[in-house]
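Numbering (our numbering), first residue to last: 138 to 184.
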């Protein structure tokens with residue numbers, strides 16, 4: 138979930154800032170695009 142949406146979900150901007158500050162302080166953000174490979178793998182029959 139994009140970080141921008143956390144403010145809507147948490148509902149209290151100050152609390153959202155505190156949570157995001159602690160979670161993202163030493164984090165590497167990776168945004169992925171495209172179809173999930175999990176869906177494709179789940180659809181393949183097992184041998």
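Cβ coordinates follow ideal geometry from the N, Cα and C atoms, glycine included. Bear in mind that the values here come from a model prediction, so they are computed numbers and not experimental data.
Taking Cβ to Cβ, would you say residue i is nearer than 9 Å to residue j?
{"i": "residue 156", "j": "residue 147", "result": "yes"}
Taking C-alpha atoms, which residue in the options lies nearest to residue i?
{"i": "residue 162", "options": "177, 169, 154", "result": "154"}
{"i": "residue 138", "options": "169, 174, 151", "result": "169"}
What residue range is occupied by the uninterrupted alpha helix (DSSP H) comprising residue i?
{"i": "residue 154", "result": "150–161"}
{"i": "residue 146", "result": "143–147"}
For residue i, verify whether its CB is less than 8 Å away from any heavy atom of the ligand NAD.
{"i": "residue 139", "result": "The ligand NAD is not among the ligands present in this structure, which contains no ligands whatsoever."}
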